[in-house]
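Colleague: Sequential numbering of the sequence shown, starting at 608, is according to our numbering. Idealized CB from N, CA, C, for every residue including glycine. Keep in mind the model is a prediction, meaning the values are calculated, not measured. Pasting a structure below so you can have a look.
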Amino acid sequence: MVSIDVAEVTRLDGPDLNELCDATESAIGSGGGFGWLKPPPRQTLENFWRGALLVPERTVFIGRLDNVVAGSAQLLRPTRNNEAQVKSVLLTTNFVAPWARGHGLARALTKAAEDKARADGFETLNLDVRESQEAAIALYESNGYVRCGEHPRYAHNGTAWVTGYYYYKDLTA
Ligand SMILES: CC(C)(COP(=O)(O)OP(=O)(O)OC[C@H]1O[C@@H](n2cnc3c(N)ncnc32)[C@H](O)[C@@H]1OP(=O)(O)O)[C@@H](O)C(=O)NCCC(=O)NCCS
608 MVSIDVAEVT
618 RLDGPDLNEL
628 CDATESAIGS
638 GGGFGWLKPP
648 PRQTLENFWR
658 GALLVPERTV
668 FIGRLDNVVA
678 GSAQLLRPTR
688 NNEAQVKSVL
698 LTTNFVAPWA
708 RGHGLARALT
718 KAAEDKARAD
728 GFETLNLDVR
738 ESQEAAIALY
748 ESNGYVRCGE
758 HPRYAHNGTA
768 WVTGYYYYKD
778 LTA
């Protein structure tokens with residue numbers, strides 16, 4: 608039996624940051640990098656995570672499997688001028704390292720993000736995925752997310768355009 612733990616973090620100490628960078632590198636290496644096509648230098652990854660913690664609109668969650676950081680998710684709130692979207696929040700960079708997949712960690716990260724979004728008064732959670740991210744699509748569609756759009760030029764994988772899907776979830780339902 609594995610242990611799963613998800614926490615909102617405002618700082619990352621040495622071991623947690625190292626494990627999070629290890630998890631990120633392996634997820635990018637297996638084709639599931641949020642934006643990156645191949646793992647960037649370690650310092651760039653560390654800067655990415657430190658930077659995410661500094662952005663006021665971002666909330667970072669980390670997920671541990673058997674006490675090792677193995678995944679993460681972020682909520683991205685609208686900027687302060689964006690009154691028209693004040694009830695909507697974006698779920699982004701939700702991933703789990705390949706070695707830790709299949710144990711419910713992504714489901715737990717997603718639930719933690721939804722709970723935080725509801726507690727902060729958001730009523731809609733938006734997200735987007737590449738059409739090739741079949742596990743993520745199954746995760747979201749089994750969890751009440753509704754596909755509401757498709758973009759044929761959503762991303763470029765270095766060789767060809769990749770279609771993307773947009774989803775939303777009604778957090779008040
Ligand atoms: C998608 C991802 C986050 C799932 O992580 P995970 O911890 O293995 O997922 P969980 O164990 O919590 O599984 C939750 C649900 O996801 C779906 N799922 C997970 N792995 C799956 C797979 N290989 N095939 C099909 N569905 C899968 C299932 O619906 C599963 O529910 P179930 O266990 O009741 O069947 C992980 O595969 C990943 O990081 N992929 C690359 C990055 C990515 O696609 N991120 C999402 C978009 S930003």
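Put G638 into one of helix, strand or coil per three-state DSSP.
Modeller: Three-state result, G638: coil.
Colleague: Quick check: G678 and F702, are their CB atoms within less than 8 Å of each other?
Modeller: Taking 8 Å as the Cβ cut-off, G678 and F702 qualify as a contacting pair.
Colleague: Please report the straight-line C-alpha distance between A580 and V736, rounded to a whole angstrom.
Modeller: With the chain represented from 608 up to 780, any question about residue 580 goes unanswered, as that position is not in the structure.
Colleague: Go through the region 667–709 residue by residue and report every complete run of the beta strand (DSSP E) that reaches 3 residues or more, in order.
Modeller: Runs found: 675–683, 695–703.
Colleague: For S610, does the count of other Cβ atoms within 10 angstroms reach 16, so buried, or fall short, so exposed?
Modeller: S610 should be labelled exposed.
Colleague: How big is the Cα-Cα spacing for L778 and T731?
Modeller: Each residue's Cα considered, the two are about 5 Å apart.
Colleague: Quick check on G728: does DSSP put it in helix, strand or coil?
Modeller: Note: G728 maps to coil in three-state DSSP.
Colleague: Taking Y773 as the reference, give the member of T766, Y752, H763 with the closest Cα.
Modeller: Cα-wise, what sits closest to Y773 is Y752.
Colleague: In terms of residues, what are the limits of the alpha helix (DSSP H) holding R657?
Modeller: First-last of the alpha helix (DSSP H) with R657: 649–661.
Colleague: What separation, rounded to the nearest whole angstrom, lies between the Cα atoms of E615 and K718?
Modeller: Using only the alpha carbons, I get a separation of about 12 Å.
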